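Undergrad: Top to bottom, those sequences are chains A and B.
First residue of the first sequence? That's -15 in my numbering, and the numbers climb one at a time after it.
First residue of the second sequence? That's -15 in my numbering, and the numbers climb one at a time after it.
2 protein chains.
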Amino acid sequence: MLAAMAEPLSGADIFLAAFDHAPVRDLAPGEVLIAAGAPAAQVFNILGGMLIVSRTGRDGRRQVLSFLFRDNFLGFAATDHYSFTVEAVTAARVACCARADFDRRLERAAGAERTFRQMTFRVLEDMVDMIYSLGQRTALERLAVFLLYLRHAHRLAEGIAEDHAPGADDVALPMTREDIADFLGLQKETVSRSFAELEKRSLISRVDNHCVRIRALGPLRELAGVVDFAAPHRLGGG
Amino acid sequence: MLAAMAEPLSGADIFLAAFDHAPVRDLAPGEVLIAAGAPAAQVFNILGGMLIVSRTGRDGRRQVLSFLFRDNFLGFAATDHYSFTVEAVTAARVACCARADFDRRLERAAGAERTFRQMTFRVLEDMVDMIYSLGQRTALERLAVFLLYLRHAHRLAEGIAEDHAPGADDVALPMTREDIADFLGLQKETVSRSFAELEKRSLISRVDNHCVRIRALGPLRELAGVVDFAAPHRLGGG
DNA sequence: CGAAAGGTTGACCAAGATCAAAGTGAGTGG
DNA sequence: CCACTCACTTTGATCTTGGTCAACCTTTCG
Chain A
-15 MLAAMAEPLS GADIFLAAFD HAPVRDLAPG EVLIAAGAPA AQVFNILGGM
35 LIVSRTGRDG RRQVLSFLFR DNFLGFAATD HYSFTVEAVT AARVACCARA
85 DFDRRLERAA GAERTFRQMT FRVLEDMVDM IYSLGQRTAL ERLAVFLLYL
135 RHAHRLAEGI AEDHAPGADD VALPMTREDI ADFLGLQKET VSRSFAELEK
185 RSLISRVDNH CVRIRALGPL RELAGVVDFA APHRLGGG
Chain B
-15 MLAAMAEPLS GADIFLAAFD HAPVRDLAPG EVLIAAGAPA AQVFNILGGM
35 LIVSRTGRDG RRQVLSFLFR DNFLGFAATD HYSFTVEAVT AARVACCARA
85 DFDRRLERAA GAERTFRQMT FRVLEDMVDM IYSLGQRTAL ERLAVFLLYL
135 RHAHRLAEGI AEDHAPGADD VALPMTREDI ADFLGLQKET VSRSFAELEK
185 RSLISRVDNH CVRIRALGPL RELAGVVDFA APHRLGGG
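(1) Given a cut-off of 8 angstroms, decide if Leu17 of chain A and Val73 of chain A are closer than it, judged by their beta-carbon atoms.
(2) Could one say the Cβ of Phe105 of chain B lies closer than 8 angstroms to chain A's Cβ atoms, at least one of them?
(3) Report the neighbours of Gln120 of chain A on chain B: residues whose CB is nearer than 8 angstroms to its CB, in chain order.
(4) Given a threshold of 16 other Cβ atoms within 10 Å of its Cβ, counted over all protein chains shown, does His194 of chain A qualify as buried or as exposed?
(5) Considering only C-alpha positions, which residue in the set B:Asp10, B:Cys81, B:Gly143 is nearest to Leu35 of chain B?
(6) Going along chain A, which residues have a C-beta under 8 angstroms from Ala62 of chain B?
(7) Considering Cα atoms alone, identify which of B:Arg135, B:Leu182, B:Thr63, B:Arg121 is closest to Asp166 of chain A.
(8) Have a look at the DSSP bridge pairing and note the partners of Gly151 of chain A.
(9) Can you tell which of B:Arg197, B:Thr63, B:Arg185, B:Ile30 has its C-alpha closest to the C-alpha of Cys55 of chain B?
(10) Is the Cβ-Cβ distance between Ala96 of chain A and Tyr66 of chain A less than 8 angstroms?
(11) So the candidates are B:Ala1, B:Ala82, B:Ala61, B:Asp163; which of them puts its Cα closest to the Cα of Gln102 of chain A?
(12) Taking CB distances under 8 angstroms as the criterion, tell me whether Tyr66 of chain B reaches chain A.
(13) Specify the secondary structure class of Gln26 of chain B as computed by DSSP and reduced to three states.
(14) On the criterion of 16 or more Cβ atoms from any shown chain inside 10 Å, does Val8 of chain B qualify as buried, or is it exposed?
(15) Alpha carbon to alpha carbon, how far is Arg190 of chain B from Leu157 of chain A? Give it in angstroms, no decimals.
(16) Please work out which residues of its chain come closer than 8 angstroms, Cβ to Cβ, to Leu168 of chain B, disregarding the five sequence neighbours upstream and downstream, and give them in chain order.
(17) Is the segment 104 to 117 of chain A in contact with the segment 103 to 110 of chain B, if contact means three or more CB pairs nearer than 8 angstroms?
(18) Which residue comes first and which comes last in the alpha helix (DSSP H) that contains Thr104 of chain A?
(19) Write down the C-beta distance between Leu187 of chain B and Arg199 of chain B rounded to the nearest angstrom, noting that I regard them as a contact closer than 8 angstroms.
(20) If you draw a straight line from the C-alpha of Phe68 of chain A to the C-alpha of Arg46 of chain A, how long is it?
(21) Quick check on DSSP: helix, strand or coil for Phe53 of chain A?
(22) Under three-state DSSP, which class holds Ala79 of chain B?
(23) Taking the alpha-carbon of Asp163 of chain B as reference, which of B:Arg39, B:Ala6, B:Gly33 has the nearest alpha-carbon?
(24) For Glu15 of chain B, I'd like the list of residues in its chain whose CB is within less than 6 angstroms of its CB, leaving aside the five on either flank, ordered along the chain.
(25) Tell me whether Gly59 of chain A is buried or exposed, calling it buried when 16 or more other Cβ atoms sit within 10 Å of its Cβ.
(26) Going by DSSP in three states, Gly202 of chain A sits in which element: helix, strand or coil?
(27) By the DSSP assignment, the beta strand (DSSP E) with Arg39 of chain A in it spans what residues?
(28) Taking its Cβ as the centre, do 16 or more other Cβ atoms sit within 10 Å of Gly33 of chain B, making it buried, or is it exposed?
(29) For Gly44 of chain B, does the count of other Cβ atoms within 10 angstroms reach 16, so buried, or fall short, so exposed?
(30) Closer than 7 angstroms, Cβ to any Cβ of chain B: which residues of the segment 86 to 101 of chain A, in chain order?
(31) Within 10 angstroms of its Cβ, does Ala6 of chain B collect 16 or more other Cβ (buried), or is it exposed?
(32) So what's Phe160 of chain B in DSSP terms, helix, strand or just coil?
(33) Return yes when the Cβ of Arg139 of chain B is within less than 8 angstroms of the Cβ of Val155 of chain B, no when it is not.
(34) Just to confirm the assignment, what range does the alpha helix (DSSP H) spanning Lys18 of chain B have?
(35) Do you know offhand how far Asp147 of chain B's Cα is from Arg197 of chain B's?
(36) Could you tell me the alpha carbon to alpha carbon distance between Asp(-3) of chain B and Ala152 of chain B, rounded to whole angstroms?
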């Protein structure tokens, strides 16, 4: 299943057009946009806010698959039913498009398939990164990767190109510690302790409960390992 | 990046045709087919044998991403360089096709893009399963999932449709314990101990070091959790 | 037959989970 | 507007799973 398309790519305008005069839906924090098991009838484009994609097992264990931001597409499913849940973290606004409409556009617009394929591959790559994190990295490393990922996602959503834009090092964390824990394959207490440890090492400072400032980007990247979301990825055309 | 296409799908013949008169390459166990960082010039179709896809971090930690079998496609990359390594586990044979040729076919053949998209989504789904495993499941559960995954992969590669075909419960394990460990995000000792535990619980018996017999399929599936590779996935047209 | 690689087992250790309690803060009703 | 409440977070104590280190098997292959 394809929960969400990663960053827009030059050429993504083809798909943005699909949402041009599409109906818009506003979501309150916590509101469910997609419930796992529902018929996969629509695809969406996020106009603003933050959403969370998750999959919950029969016994209640939940794995958060990704956080979504402005200009992310979502709702693509391999089957005719969604296998994942999408909820709003903050107040959010999405444009809604019938899946069939989107598919039609995909088949007709020149180069659309190719662009879509590129976008899908990008998602695949992000998932491989996540698999590497969950399989190989420690709690502290995962949290470092996560903060860099949020920083990057925010810059993309805001269309900021420079690595050191003013305020770029303030990372907003509107989700709960438990959301972060379920994303990183940890417990919420461990997430708390890892934040404390990053602060102790002067890599970050905590502005407040839902905002963190990166104080040492280089060392944080070093801790996170190879993955640098800024370096390899080209910025999209907004 | 798209290391490998999962199971063939009805319609995959379009792509199999791309390999019809393609040059064939034989691989000895351990031989490298794709080295991470090499230019992504070719795509492959596996004619026989087992391959292993992995990604290794700067510090040597290795995450195995998947095992590949007959009729799996591989070599699709998001960029112009491979970001993963593919090696033969057993002696193997692959058909090689220039990436450009494949892309051309993709754009010309009717319905090819659509079929390819479905296949890609299938891979996405498998990766979500893997993320769920690594993030939420215990060592024992992961090993149970792994055995069911191998059982399923083998049945697909052999074109066996029934769930209880004779010999279907003998699972071949040609890879090393370390390969399994790196796939499951564990250490090889833990894999050993988990095999012992599954045997102690009478869920499996060890035929020899590289073959295991599933003695209690139902309970093993129960232990693995929701994921049943047999149930939701349609079998491909061979 | 012997060396080397791979696999198992045991003893011990540590990262992270679990359990418990106290602190913080945002939203609500008085 | 304030105080209360409830949800979220942090911190501490303890426990468990899985990791690490080391020794000993077993298999394969030269």
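Cβ atoms here follow ideal geometry from the backbone N, Cα and C, with glycine treated the same way.
Predicted model, so just to flag it, every value in this text is computed and none were measured.
TA: Answer, in terms of the structure:
(1) no
(2) yes
(3) What Gln120 of chain A touches in chain B: Gly41, Arg45, Arg46, Gln47, Gly169.
(4) exposed
(5) B:Asp10
(6) When 8 angstroms is used as the limit between beta carbons, Ala62 of chain B is near these residues of chain A: Gln102, Phe105, Arg106, Leu108, Glu109, in chain order.
(7) B:Arg121
(8) Its beta-bridge partners do not exist; DSSP assigns none.
(9) First, the amino acid is wrong: residue 55 of chain B is Asp here, not Cys. Taking only the C-alpha atoms, the option nearest Asp55 of chain B is B:Ile30.
(10) no
(11) B:Ala61
(12) no
(13) Assigned with DSSP and collapsed to three states, Gln26 of chain B falls in strand.
(14) exposed
(15) 48 angstroms
(16) Ser117, Leu118, Ala123, Arg126, Leu127, Phe130, Val175
(17) Contact between the segment 104 to 117 of chain A and the segment 103 to 110 of chain B is present: 3 or more CB-CB pairs across the two stretches fall below 8 angstroms.
(18) 96 to 120
(19) 6 angstroms
(20) 11 angstroms
(21) coil
(22) strand
(23) B:Arg39
(24) Ala72
(25) Burial call: buried.
(26) helix
(27) Segment 35 to 40, the beta strand (DSSP E) holding Arg39 of chain A.
(28) The residue in question, Gly33 of chain B, is buried, as its Cβ has 16 or more Cβ neighbours within 10 Å.
(29) Under this definition Gly44 of chain B is an exposed residue.
(30) Glu97
(31) buried
(32) Reading off the sequence, residue 160 of chain B comes out as Thr, not Phe. Coil at Thr160 of chain B, not helix or strand.
(33) no
(34) The sequence given here places Ile at residue 18 of chain B; Lys does not occur at that position. Note, Ile18 of chain B: premise wrong, no alpha helix (DSSP H); beta strand (DSSP E) at 16 to 18.
(35) 15 angstroms
(36) When rounded, the distance between both Cα atoms is 26 angstroms.
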